[in-house]
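Data first, discussion second: the structure below is written as structure tokens.
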Amino acid sequence: AQSVTQPDIHITVSEGASLELRCNYSYGATPYLFWYVQSPGQGLQLLLKYFSGDTLVQGIKGFEAEFKRSQSSFNLRKPSVHWSDAAEYFCAVGEGTYKYIFGTGTRLKVLA
Amino acid sequence: NAGVTQTPKFQVLKTGQSMTLQCAQDMNHEYMSWYRQDPGMGLRLIHYSVGAGITDQGEVPNGYNVSRSTTEDFPLRLLSAAPSQTSVYFCASSYGPDNSPLHFGNGTRLTVT
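Sequence order for the protein chains is S and L.
Each residue of the first sequence is one higher than the one before, starting from 1 at the first, in our numbering.
Each residue of the second sequence is one higher than the one before, starting from 113 at the first, in our numbering.
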């Protein structure tokens with residue numbers, strides 16, 4: 001069965017520092033991979049997605065993610081974090097149908 | 113363009129009461145779904161629909177009912193509310209298969225006392 005693991009429940013970084021949020025998935029074929037961001041009191045917003053092709057994908061708000069098949073990972077990165085990036089981040093995987101599996105989320109805190 | 117609209121934003125129910133959470137989208141999306149979000153558990157799929165007249169169960173369907181009479185609307189009914197249904201509920205839609213990205217509403221926070 002498919003699964004998604006986000007090993008870090010909470011992460012705290014200083015403003016201006018780099019960020020990497022981890023996501024590991026379990027799926028037999030090449031998955032469809034997503035990162036979503038949820039600001040307090042809001043729904044989830046798509047940051048970026050990977051379907052095929054270049055394994056490094058660029059998203060909105062300066063985020064990028066790299067698909068590494070050998071490690072079953074799709075980690076999210078940002079070179080310099082802004083205070084407005086404080087939010088909860090969800091990794092999700094799909095199998096090319098209507099089904100999506102979400103990770104449990106990583107809550108990001110940004111120190112001024 | 114409103115996207116996905118959920119009402120109400122907040123609701124408090126007593127155990128045993130019923131209610132309907134509304135969800136409407138104006139993007140002509142085939143796929144609509146309901147998730148519940150609980151701390152430490154991420155999002156869990158309750159029910160979904162791949163088109164008008166077609167619905168199916170997700171991971172946690174017990175205690176919930178859905179119908180899809182139009183492309184735009186996908187209401188979620190709580191038949192007899194229980195404290196375990198205290199959660200934040202999200203409606204989401206997407207264009208079609210092949211895991212098109214989901215568009216989410218802003219959620220309904222439900223408390224059952």
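Here a beta-carbon is modelled for each residue, glycine too, at the ideal position from N, C-alpha and C.
If you're wondering where the values come from, they're calculated on a predicted model, not measured in any experiment.
Host beta strand (DSSP E) of residue i (start-end)
i	result
Tyr207(L)	That residue, Tyr207(L), is in no beta strand (DSSP E); it is neither H nor E in DSSP.
Ile60(S)	No beta strand (DSSP E) contains Ile60(S), which DSSP labels as neither H nor E.
Glu171(L)	Neither: Glu171(L) is in no beta strand (DSSP E) and is coded neither H nor E.
Asp150(L)	143-150
Ala65(S)	64-68
Thr223(L)	220-224
Met131(L)	131-137
Phe102(S)	100-102
Lys49(S)	44-50
Thr30(S)	Counting along the chain, Thr30(S) falls outside any beta strand (DSSP E), and DSSP gives it neither H nor E.
8 Å Cβ cutoff, residue i in contact with chain S
i	result
Tyr160(L)	yes
Leu214(L)	yes
Tyr143(L)	yes
Asp210(L)	yes
Leu190(L)	no
Gly217(L)	yes
Gly165(L)	no
Leu222(L)	no
Phe202(L)	yes
Leu155(L)	yes
Gly81(L)	The displayed coordinates of chain L run from 113 to 225. Any statement about residue 81(L) would go beyond what the structure contains.
For residue i, three-class secondary structure by DSSP
i	result
Arg22(S)	coil
Asp85(S)	helix
Gln118(L)	strand
Arg156(L)	strand
Ser80(S)	coil
Ser161(L)	strand
Gln6(S)	coil
Gln196(L)	In the sequence on display, residue 196(L) carries Ser and not Gln. Helix at Ser196(L).
Gln38(S)	strand
8 Å Cβ cutoff met for residue i and residue j
i	j	result
Tyr176(L)	Arg156(L)	no
Ala104(L)	Thr127(L)	This structure does not reach residue 104(L), given that chain L is present from 113 up to 225, and the question cannot be answered.
Glu142(L)	Gly165(L)	no
Ser130(L)	Ser192(L)	yes
Gly59(S)	Gly154(L)	no
Ala98(S)	Tyr160(L)	For the sequence presented, residue 98(S) should be read as Tyr rather than Ala. For Tyr98(S) and Tyr160(L), yes; Cβs fall inside 8 Å.
Tyr25(S)	Phe74(S)	yes
Val93(S)	Tyr32(S)	yes
Gln42(S)	Asn218(L)	yes
Gln137(L)	Glu171(L)	no
Thr223(L)	Tyr201(L)	no
Arg125(S)	Glu15(S)	Since the displayed chain S opens at 1 and closes at 112, residue 125(S) lies outside it and no answer follows.
Leu133(L)	Pro187(L)	yes
Tyr100(S)	Asn140(L)	no
Lys109(S)	Ala86(S)	yes
Short CB-CB distance (under 8 Å) between residue i and chain L
i	result
Gly28(S)	no
Tyr25(S)	no
(request) Give the residues from the region 76-103 of chain S that approach chain L closer than 9 Å (Cβ to any Cβ), ordered along the chain. (result) Answer in chain order: Phe90, Ala92, Val93, Gly94, Glu95, Gly96, Thr97, Tyr98, Lys99, Tyr100, Ile101, Phe102, Gly103.
(message) Tell me which residues of the region 39-73 of chain S have at least one Cβ-Cβ distance to chain L shorter than 9 Å, keeping chain order.
(response) The region 39-73 of chain S vs chain L, Cβ under 9 Å: Gly41, Gln42, Gly43, Leu44, Gln45, Leu46, Lys49, Phe51.
(request) Pull out every residue of the region 129-141 of chain L whose Cβ sits closer than 8 Å to any Cβ of chain S, in chain order. (result) Listed in sequence order: no entries.
(request) With 7 Å as the limit, tell me which residues of the region 6-22 of chain S have their beta carbon closer than that to any beta carbon of chain L; keep them in chain order. (result) If the cut-off is 7 Å between Cβ atoms, the region 6-22 of chain S has nothing near chain L.
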